[in-house]
Each structure stands twice: as C-alpha cells, then as structure tokens.
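Q:
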Amino acid sequence: MRPNIGIVNAMIRLTLGFTLLAWATAKMGRRCHKGTPLFVAIIGAMKVAEGITKFCPVTYAVEEQAEKMSEDDFDIGPMNPS
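In structure tokens, the structure reads:
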C-alpha cells in the first residue's frame, strides 16, 4: 500500500475519527442504543486507520477508475453530422 493522501488530509481524518469514536463510546456507555453509535464507531475507527496509514481505499478506487478511463480510447470513428 502506497500512501495516497497527504499529511494535512491524514491529520483531518485522525481528528474526525477520534472525535467520532469518542462520541460513539460516550453514547454506548450511557445506555443501550440500537445501532447508530456502533455504526459511527466503525466509521470513526476506519478514519483513524486511514489517517495512520495515509491510505484511503475510496481515493485509490477513484484514481484507478480515472486512470482506466483515460487509457481507454473513446474513438467511435468518423461522425456523420447529418
């Protein structure tokens, strides 16, 4: 895995991830909630991991798709204007 996000982006992801984890932990600690705090905790943990590794799978997928689209030739041949 090659890092595909910058330092500032990684710091923002770490801050957001730890904030989401703290909120979800506080909500789950008070009383039993359905599924929202657990989902937020999972998203927060994912953002923390992305910030530490400086690798975002969504960014990777978008870059790969853009690269694939630029490699494809969209030559449809001569066009008849009439």
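Residue numbers (the numbering used here): 22 to 103. Cβ atoms here follow ideal geometry from the backbone N, Cα and C, with glycine treated the same way.
1. Please name the residue, chosen from Tyr-81, Ala-45, Ser-91, that lies closest to Met-22 on a Cα-to-Cα basis.
2. Would a C-beta distance cut-off of 8 angstroms place Lys-75 and Ala-43 closer than the cut-off?
3. Between the Cα of Thr-36 and those of Ile-64, Pro-24, Gly-50, Pro-58, spot the shortest distance and give me the residue it belongs to.
4. So, with DSSP's three-state summary, where would you put Lys-68?
5. Note down the Cα distance separating Thr-40 from Ala-47, rounded to an integer number of angstroms.
A: In short:
1. Tyr-81
2. no
3. Ile-64
4. helix
5. 11 angstroms
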